Amino acid sequence: MMRLALPLCLMTIPAMLAAQDAAASPPAAAAATPAKVYKTVPIVLTTSMGPIAIELEVERAPLTAGNFLKYVDQKRLDGTVFYRAFTFAPDFPNVGMIQGGTQNDPKRILKPVAHEPTSQTGLTHDDGAISLAQGAPGTGTADFFIIIGEMKGLDAKPGDAGFAVFGHVTQGMDLVKQIAVAPRSPTKGVGPMKGQMLEPPIRILTARRAPVVAPAP
13 MMRLALPLCL
23 MTIPAMLAAQ
33 DAAASPPAAA
43 AATPAKVYKT
53 VPIVLTTSMG
63 PIAIELEVER
73 APLTAGNFLK
83 YVDQKRLDGT
93 VFYRAFTFAP
103 DFPNVGMIQG
113 GTQNDPKRIL
123 KPVAHEPTSQ
133 TGLTHDDGAI
143 SLAQGAPGTG
153 TADFFIIIGE
163 MKGLDAKPGD
173 AGFAVFGHVT
183 QGMDLVKQIA
193 VAPRSPTKGV
203 GPMKGQMLEP
213 PIRILTARRA
223 PVVAPAP
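So the mapping is simple: this note's numbering equals the position in the sequence shown, first residue as 1, plus 12.
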């Protein structure tokens, strides 16, 4: 019982000394681990309204990005259009998407690409993400959509394979947002796409690889 009666000042001395030592010698900051840089390939979609620059995630989504590059390199996207657009206005005017591509034109499409879910690639449907349109996993060809805001409900989840993100817009999101609010037909489109079809559609004049800019020394 005598131990419990020790003066409070004696009990606090070790804590005071420790605090002084800590103040005199702050711990050295741990060196930050640099974030991994994944390989990407830059492309530019030149539209009738201006250019949209995109980085394709050839390392994290090699199948889907590689598939899209085939269409770029073979000029199969030249002369296609952005044909669908919407936002969730008035409640969420800064969330939506634009959709474009070959519209399953048999003269343009190649073999469908295997599905790469976001749970595998680590990518997500955030602002500027470009993702492959498909009716079912493994049926996508060259129709794609670009996200405005966040639509992470399109990511993979248990029981739902979601859609495959394969790149991000690096320049031209202002143009993407302009396309999203361009005039639409009130009658064209089937099911949930009714009222979302652009009229007139926005032409994709060319799709090309862009020069790789070396990082500053």
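Note that beta-carbon positions come from the ideal geometry of N, C-alpha and C, so glycine has one too.
Note that the structure is predicted; figures quoted are calculated from it, not measured.
Distance, residue j Cα to residue i Cα
i           : j           : result
residue 138 : residue 163 : 6 Å
residue 184 : residue 61  : 10 Å
residue 136 : residue 71  : 15 Å
residue 108 : residue 100 : 6 Å
residue 217 : residue 91  : 5 Å
Neighbourhood of residue i by C-beta, 8 Å cutoff - its chain only, sequence neighbours within 5 removed
i          : result
residue 84 : 55, 219, 220, 221
Selection from the options that minimises the alpha carbon distance to residue i
i           : options            : result
residue 169 : 45, 134, 145       : 134
residue 204 : 98, 64, 211        : 98
residue 209 : 48, 110, 103, 102  : 110
residue 73  : 125, 45, 158       : 125
residue 175 : 76, 51, 189        : 76
residue 89  : 206, 119, 106, 186 : 119
residue 65  : 180, 214, 191      : 180
Beta-ladder partner(s) of residue i, from DSSP
i           : result
residue 63  : 58
residue 218 : 58
residue 96  : 111, 209
residue 143 : 157, 177
residue 104 : 100
Contact test: residue i Cβ vs the ligand GDP heavy atom, cutoff 7 Å
i          : result
residue 99 : You won't find the ligand GDP in this model; it holds no ligand whatsoever.
Cβ-based neighbour list, residue i, same chain, cut-off 7 Å, excluding 5 preceding and 5 following
i           : result
residue 121 : 114, 153, 154
residue 128 : 73, 75, 76, 176
residue 167 : 130, 136, 137, 174
Residue ranges of each beta strand (DSSP E) run of no fewer than 3 residues wholly in the stretch 169-200, ordered along the chain?
The qualifying runs are 176-183.
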